[in-house]
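**Student:** Please see the structure below; I have some questions.
See the structure below:
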């Protein structure tokens, strides 16, 4: 059942939660394929590195992990040939990690597979439903990425 505009926020959120679960199931099929040699946490790290090289501390912060855990994760990804470590100019503690060509290739294969799965599902939808979905998702993305309004300390209510 699809939530309609007259339903309350809790019902709408529940409908969105169900739809997001379906989307995640389609999405995860690409990640769980036999030729994907890394578990979800390592894949998340690769996705962070796809934006560009970072130091291990920044990677740990992005993953919500301890630096020591992120370092061990990098050990595994480096052993798999998916990332490279670059030591900072003389400071052994400042290590930057970046994707290898193989790491980029893996992410591209996963992305293509995800898009194929999504295309298959979208092709089964009617044109009006697809148009409404894409419009709604664009609106959702805009609302979700909007900066929260900061309170203006100079404003005060009359006494």
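Numbering (our numbering), first residue to last: 1241 to 1399. C-beta: ideal position from N, C-alpha, C; glycine also.
Can you give the Cα-Cα distance for residue 1379 and residue 1327, rounded to whole angstroms?
**Tutor:** Position 139 of the chain shown, counted from the first residue, corresponds to residue 1379. Position 87 of the chain shown, counted from the first residue, corresponds to residue 1327. Straight-line Cα distance between these residues: approximately 42 Å.
**Student:** Per DSSP, residue 1324 forms a beta bridge with which residues?
**Tutor:** One-based indexing of the chain shown puts residue 1324 at position 84. Paired residue(s): 1338.
**Student:** Cβ atoms of residue 1357 and residue 1278: under 8 Å apart, would you say?
**Tutor:** To locate residue 1278, count along the chain shown from 1; it is residue 38. To locate residue 1357, count along the chain shown from 1; it is residue 117. For residue 1278 and residue 1357, no; Cβs fall outside 8 Å.
**Student:** Using DSSP bridges, identify the partner residues of residue 1294.
**Tutor:** In the chain shown, the residue the question calls residue 1294 occupies position 54. Answer is 1337, bridged to residue 1294.
**Student:** Might you give, ordered along the chain, the residues of its own chain that have their beta carbon closer than 6 Å to the beta carbon of residue 1336, omitting 5 neighbours on each side?
**Tutor:** Against the chain shown, residue 1336 aligns to sequence position 96. Close CB contacts of residue 1336 within its chain, under the 6 Å cut and outside five residues either way in sequence, are with 1293, 1295 and 1326 (chain order).
**Student:** Would you verify that the beta carbon of residue 1305 is, or is not, closer than 8 Å to some beta carbon of chain B?
**Tutor:** The displayed structure is made up of one protein chain only, and chain B is not part of it.
**Student:** What three-state label does DSSP hand residue 1311 in the structure shown?
**Tutor:** For the purposes of this step, residue 1311 is taken as the residue at position 71 of the chain shown. The answer is helix: DSSP assigns residue 1311 an H, G or I state.
**Student:** Taking one C-beta from the region 1358-1368 and one from the region 1283-1293 each time, how about it: are there three or more such pairs within less than 8 Å?
**Tutor:** no
**Student:** Could you tell me whether the Cβ atoms of residue 1271 and residue 1280 are closer together than 8 Å?
**Tutor:** Here residue 1271 corresponds to residue number 31 of the chain shown, with the count starting at 1. Here residue 1280 corresponds to residue number 40 of the chain shown, with the count starting at 1. Contact flag set, yes.
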